[in-house]
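Q: Pasting a structure here, questions to come.
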Amino acid sequence: MDQAVKSIFREVLRDEFKERNVPVLFSDPMYDGRYAVIEIEKVIFKLAWSSDLLMPSLCRIDTNIYAIGIDEHFVIIDVAHNKILLNLDVFSNFVETTLSQNYAFVIAEIALYKIDLLTFEVVDEVCGLPDAFSEIVSKKGDTLKVRCLNDQIIEI
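The opening position of the sequence shown corresponds to residue 1238 in this note's numbering, with each subsequent residue numbered one higher.
Okay, here's the thing in structure tokens:
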């Protein structure tokens, strides 16, 4: 997490998570083991996830727009209007978010998603990469190329 975003994210105990009467970004009570609240401009959301070693990834898209991903969950929130713009169950474990001028690219272990930053809708996706994601090869304009572990290049 970058420093600007770290100050808004706070891990909490399960009891506090349950007691908080604020919108839930994502939670799976059967598997959740970690809990947190995110506060931005006095707007609070809560989330829960199962990964022991990983923390949610926060990406600032615009002044009041943030993307958050962990496990098989990804959301985009608007804190100015206290609402969830996109709630996406990714096909496999979330890896990272990268931005171009017009799109957010969501990278999961074996899936890619291209999200329009005006409508916050998925406009393209590749579910079932030929192998697990390895690295970003290039990002030019509104195109992202990634390398899979088998060295195959996929473009979205």
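We treat Cβ as the ideally placed atom computed from N, Cα and C, and that holds for glycine.
Give me the Cα-Cα distance between Lys-1255 and Phe-1328, rounded to the nearest whole angstrom.
A: Each residue's alpha carbon lies about 27 Å from the other.
Q: Would you kindly work out how many angstroms separate the C-alpha atoms of Ile-1281 and Asp-1252, rounded to a whole number?
A: Their Cα atoms are separated by approximately 17 Å.
Q: Report back the beta-carbon spacing between Val-1343 and Phe-1370 to the nearest angstrom; my notes put them in contact at under 8 Å.
A: With 8 Å as the limit, Val-1343 and Phe-1370 do not qualify as a contact, their Cβ atoms being about 11 Å apart.
Q: To the nearest whole angstrom, what separates the beta carbons of Thr-1335 and Lys-1382, a pair I think is in contact under 8 Å?
A: That pair is no contact at about 11 Å.
Q: If the criterion is Cβ atoms closer than 7 Å, does the pair Ser-1288 and Asp-1308 meet it?
A: Going by C-beta atoms, Ser-1288 is nearer than 7 Å to Asp-1308.
Q: Locate the alpha helix (DSSP H) running through Lys-1255, then write down its first and last residues.
A: Counting along the chain, the alpha helix (DSSP H) containing Lys-1255 begins and ends at 1251-1256.
Q: Am I right that Ile-1321 and Tyr-1303 are in contact with their C-beta atoms under 8 Å? What's the rounded C-beta distance?
A: Contact flag wrong, Cβ pair sits at about 11 Å.
Q: Which residue from Glu-1392, Glu-1372, Glu-1362, Asp-1368 puts its Cα closest to that of Asp-1326?
A: That would be Glu-1362, whose Cα lies nearest to the Cα of Asp-1326.
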